Amino acid sequence: MSVPPEVPDRAHPDRPAGPPRPGGSVPPPPSGQQPEAVAEAAEAARRDAANRIIDTSSGQDDGLNKCPSCGSSEIRYSLTEKALVCSYCRHTWNEENAEEAFGLDSSIADLRGHTMASGTADVREDLTTVTLKCQGCGAEVVINVDQDLQARCHWCRQTLSINSQIPNGAIPDAVLPFQLTREEAIERIDAFTAKRRAFAHHRFKEEYVPDNVMGVYIPYLVVDGNMHAVLQGTGEVTTRQYTVTRGSGDNKRTETYYDADVYGVQRAFDLLVDDLTIESAERFNAQDNAQATNNILNAVQPYDTENAVIYNSNYLKNFTSERRDLNVRDVDDDVEDHFLAIARAKAVPTINRYDRGVRWEREGVAVRGTRWVSVYVPVWLYSYADSATGDSLTHYIAVNGRTGTTMGSVPVSHPKIFAVSCAAGTVAAVVGAIVGLSQFLF
Amino acid sequence: MLPLLAELSADPATMTLLAGSDSGAGGIAIPFIAGPAVFAAVYGGIYRYYRNTDKRHHFERETEVSVGNLRSGDRKVGENNRQQDRAMRGRNSTDHLQRVHRIAVD
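Top line first, the protein sequences correspond to chains P and X. Taking my numbering, the leading residue of the first sequence gets 19, the next gets one more, and so forth. Taking my numbering, the leading residue of the second sequence gets 4, the next gets one more, and so forth.
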């Protein structure tokens with residue numbers, strides 16, 4: 019896939035930086051940034067002019083996410099209301115649907131080049147603090163944006179939020195709020211583990227505390243793609259099936275043979291891919307299960323990302339969130355592989371006549387247009403690491419915070435499985451011996 | 004160690020070796036095939052049910068995709084006769100995640 023032009027990146031010298039925001043609508047940089055950083059962003063903007071950037075920032079940088087009814091900044095997300103609730107006036111509301119608000123729902127067929135929502139800008143690892151000026155009392159409050167996106171003004175007690183898009187990966191374009199309550203998630207995790215107790219590791223059973231389940235927002239890059247795919251290979255069609263008898267007497271046996279016609283097969287078609295999701299935090303990379311069972315998090319998909327709403331830091335209150343640390347250019351090879359896999363899957367109904375199968379040998383996609391949006395998706399997560407054995411693998415049991423889809427990894431007791439397998443194998447061997455002996459004797 | 008044992012017992016080469024004997028010896032080989040095979044199946048089955056190492060999001064089927072403008076180009080290039088396998092060698096039409104030689108497309 020053709021990628022955005024390369025620009026220097028402080029955090030990853032070998033990686034290019036991503037798109038800057040367009041001129042007029044860009045919020046001013048947080049006061050923690052240096053003039054060099056601004057110059058660097060301007061340079062990136064010049065080089066990156068080929069990419070179309072959709073500004074999804076709030077246009078605010080005052081640190082105040084206010085209740086639209088009374089102006090209070092005491093807001094939280096209520097799972098029972100499934101909406102933001104003002105703690106003062108009890109007004110409830112949700113932010114606008116992000117796709118509609120930012121025009122991210124325009125036809126995928128019309129996509130040309132790379133269209134990027136501004137929340138997918140390259141991550142700057144060196145941006146760790148942002149200073150906000152409290153609009154209530156004028157105090158300056160420093161927020162460590164590596165860990166928090168909100169802080170209370172130490173003078174007037176007003177809640178201050180990072181409501182401008184800062185390029186540290188912590189602020190997505192959109193958020194998919196939790197729908198499933200914590201209690202519902204615990205029920206599902208309980209049901210999941212209840213079916214997997216017999217062969218579970220004894221320490222897991224002793225230490226299992228479902229109340230430790232945490233609500234986590236995980237960052238994903240959501241990609242739309244307009245492309246043309248070409249697949250080339252070889253296919254075979256059976257033309258004749260016949261049996262041949264060989265040997266004689268006790269050695270007589272029949273063998274089946276197949277004759278086939280061989281075809282060169284080519285399929286070329288246009289593909290419009292809608293909302294392909296890619297993990298954008300390295301620690302949740304679905305292909306890397308060495309440290310944690312990341313495939314579990316991958317398996318609770320899909321999410322209804324089309325219902326994501328405009329980012330508001332109050333959705334994240336009382337939950338944890340993982341910062342995005344992968345840029346568009348870090349994942350675009352993966353995305354192209356995903357596009358090819360989709361093309362291969364879509365080609366299956368077109369090769370039915372090849373009853374002996376098709377061996378694809380060459381493949382490629384011409385990507386005409388892509389659209390990238392960063393979204394936080396909700397997961398109820400129970401994690402367990404057996405520290406007693408020195409095994410650093412973290413086992414996850416995850417519940418999709420929208421649909422309730424549950425998947426997990428439960429550490430097993432190998433001796434127990436071994437014993438049961440040996441018993442089953444022995445029974446099978448004994449039965450086999452009886453059958454074999456009867457064949458041998460009679 | 005234990006998963007390795009399970010894999011070894013399920014080794015298709017071992018199975019073929021045993022199953023390839025003549026009929027009388029084949030009868031005697033049955034317990035040696037059935038025992039390890041059931042051991043491996045039970046071990047692997049329980050392990051997978053608990054650990055779910057094979058689970059993933061099947062994005063290639065579950066992502067919303069529109070397909071159009073299909074062009075097919077099939078031509079006969081030869082014959083492959085007297086084959087003992089029902090399926091062609093190297094078929095990968097259902098293995099969507101396996102990548103093959105990449106070509107440039109205009």
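Built from N, CA and C at the ideal position, the CB exists for glycine as well. For clarity, every value in this text was computed on a predicted model and none was experimentally measured.
Chain P within 8 angstroms of X/R51, Cβ atoms only: Position 48 of the second sequence, counted from the start, is the residue given in the question as residue 51 of chain X. It does not: the Cβ of X/R51 has no partner Cβ on chain P nearer than 8 angstroms.
Test: P/K223 CB closer than 8 angstroms to a CB of chain X: The sequence position of residue 223 of chain P within the first sequence is 205, counting from 1. With 8 angstroms as the cut-off, P/K223 does not count as an interface residue toward chain X.
Any chain X beta carbon closer than 8 angstroms to P/N370: Stepping through the first sequence from its first residue, residue 370 of chain P is reached at position 352. No, P/N370 does not count as interfacial toward chain X.
For P/E201, the three-state DSSP class (helix, strand or coil): Position 183 of the first sequence holds residue 201 of chain P. Note: P/E201 maps to helix in three-state DSSP.
Bridge-paired residues (DSSP) for P/R193: Position 175 of the first sequence holds residue 193 of chain P. One point to set straight first is that residue 193 of chain P is Val, not Arg, in the sequence displayed. Note: P/V193 sits in a beta bridge opposite P/V327, P/Y394.
Beta-ladder partner(s) of P/R271, from DSSP: The count along the first sequence starts at 1 and reaches residue 271 of chain P at position 253. For P/R271, which the question treats as bridged, DSSP gives the partners P/R264.
Closest residue to P/E379 among P/R362, P/L194, P/V103, P/T138 (Cα-Cα distance): Reading the first sequence from its first residue, position 361 is the one you call residue 379 of chain P. Checked all of P/R362, P/L194, P/V103, P/T138; the closest Cα to P/E379 is P/R362.
Inter-stretch contact at 8 angstroms, needing at least 3 Cβ pairs: the region 367 to 381 of chain P / the region 225 to 242 of chain P: Taking one beta carbon from each stretch, the region 367 to 381 of chain P and the region 225 to 242 of chain P have fewer than 3 pairs nearer than 8 angstroms; the two do not touch.
Whether P/D277 touches X/E82 by CB criterion (8 angstroms): Locating residue 277 of chain P in the first sequence gives position 259, where the first residue counts as 1. Locating residue 82 of chain X in the second sequence gives position 79, where the first residue counts as 1. Contact flag set, yes.
Stretch-stretch touch, CB-based, cutoff 8 angstroms, three pairs: the region 92 to 112 of chain P with the region 121 to 130 of chain P: The answer is no - the region 121 to 130 of chain P does not touch the region 92 to 112 of chain P, with fewer than three Cβ pairs under 8 angstroms.
Partners in chain X for P/F13, counting only beta-carbon separations shorter than 8 angstroms: The structure shown does not extend to residue 13 of chain P, since chain P spans only 19 to 460, so no value can be given for it.
Start and end residues, beta strand (DSSP E) containing P/L178: Along the first sequence, one-based indexing puts residue 178 of chain P at 160. DSSP places P/L178 in the uninterrupted beta strand (DSSP E) bounded by 177 to 179.
P/E162, buried or exposed, once every other Cβ within 10 Å from all chains shown has been counted against 16: The count along the first sequence starts at 1 and reaches residue 162 of chain P at position 144. Note that residue 162 of chain P is Asn in the sequence shown here, rather than Glu. It counts as exposed.
Pick from P/S339, P/A365, P/L150 that is closest to P/V397, judged by C-alpha positions: By one-based count along the first sequence, residue 397 of chain P stands at place 379. Selection P/S339, P/A365, P/L150 evaluated against P/V397 yields P/S339 as nearest (Cα-Cα).
Nearest-angstrom beta carbon gap, P/I360 and P/F210 [assumed within contact, 8 angstroms]: Translated into the one-based positions of the first sequence, residue 210 of chain P becomes position 192. Translated into the one-based positions of the first sequence, residue 360 of chain P becomes position 342. Not really, about 30 angstroms apart at Cβ, beyond 8 angstroms.
Proximity winner among P/L122, P/V160, P/R170, relative to P/N83 (alpha-carbon distances): The residue labelled residue 83 of chain P in the question sits at position 65 within the first sequence. Nearest Cα to P/N83 within the set P/L122, P/V160, P/R170: P/R170.
Cut-off 6 angstroms between Cβ atoms - residues of its own chain near P/T15, not counting five sequence neighbours on either side: What the structure shows of chain P is the stretch from 19 to 460, and residue 15 of chain P is not part of that stretch, so it cannot be assessed.
Inside the region 238 to 318 of chain P only - alpha helix (DSSP H) runs reaching at least 4 residues: Within the region 238 to 318 of chain P, the complete alpha helix (DSSP H) segments at least 4 residues long are 312 to 317, listed from N- to C-terminus.
Straight-line gap, P/K213 to P/I180 (C-alpha atoms, nearest Å): Looking up residue 213 of chain P in the first sequence gives position 195. Looking up residue 180 of chain P in the first sequence gives position 162. Looking at the backbone, the Cα of P/K213 and that of P/I180 are separated by about 43 angstroms.
P/A363, enclosing alpha helix (DSSP H) - first and last residue: The count along the first sequence starts at 1 and reaches residue 363 of chain P at position 345. Element bounds for P/A363: 346 to 365.
Residue closest to P/I296, alpha-carbon to alpha-carbon, out of P/N112, P/N312, P/D73, P/Y275: Counting from one through the first sequence, the residue named residue 296 of chain P turns up at place 278. With respect to the C-alpha of P/I296, the residue from P/N112, P/N312, P/D73, P/Y275 having the closest C-alpha is P/N312.
Residue range of the unbroken alpha helix (DSSP H) whose run includes P/A116: For this step, residue 116 of chain P is matched to residue 98 along the first sequence. Counted as a single uninterrupted DSSP element, the alpha helix (DSSP H) harbouring P/A116 occupies residues 116 to 120.
Residues that P/D355 contacts on chain X, provided the C-beta gap is smaller than 7 angstroms: The residue labelled residue 355 of chain P in the question sits at position 337 within the first sequence. Residues of chain X passing the Cβ test: R102.
Test: P/Y275 CB closer than 8 angstroms to a CB of chain X: The residue labelled residue 275 of chain P in the question sits at position 257 within the first sequence. Yes, contact with chain X.
Given X/H60 as reference, the closest of X/L100, X/Q86, X/N84 once Cα atoms are compared: Counting from one through the second sequence, the residue named residue 60 of chain X turns up at place 57. Of X/L100, X/Q86, X/N84, the residue nearest in Cα terms is X/L100.
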